[in-house]
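Just so you know, the sequence shown maps onto residues 2 to 87 in my numbering.
Glycine included, every Cβ here is placed at the ideal spot set by N, Cα and C.
Being a predicted model, the structure only gives us computed values, none of them experimental.
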Amino acid sequence: MMEETAPIATLLYGLIALPISFIILYWIKTRKDRHRNEAGEMEYKSMGHALSFFVVEGAALIASLSVLITAVSAIAKYVIVTFMDT
2 MMEETAPIAT
12 LLYGLIALPI
22 SFIILYWIKT
32 RKDRHRNEAG
42 EMEYKSMGHA
52 LSFFVVEGAA
62 LIASLSVLIT
72 AVSAIAKYVI
82 VTFMDT
């Protein structure tokens with residue numbers, strides 16, 4: 002039988018995860034901005050460089066969104082358990 006996590010622990014995990022998600026998204030934005038030329042177009046040295054950029058950026062974006070979804074659901078769970086529990 003599994004024990005339930007305390008509601009306050011769920012809230013803390015969610016609040017800690019939110020900044021992590023935003024930091025990852027900011028890192029993706031700054032990384033993308035470094036590869037823009039004066040015209041605003043993406044510029045790469047080679048095809049391999051472009052491919053590796055897309056793989057790393059895609060993996061980071063998916064990870065960030067999954068952390069964001071987990072954080073929001075943890076906060077929602079805390080609100081439901083704390084305020085809707087009768």
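{"Item": "What runs of the alpha helix (DSSP H), each 4 residues or longer, lie entirely inside the region 31-85?", "Value": "48-84"}
{"Item": "Classify residue 11 as helix, strand or coil using the three-state DSSP reduction.", "Value": "helix"}
{"Item": "Could you tell me whether the Cβ atoms of residue 58 and residue 29 are closer together than 9 Å?", "Value": "yes"}
{"Item": "Compute the distance between the beta-carbons of residue 36 and residue 55, then report whether it is under 9 Å.", "Value": "no"}
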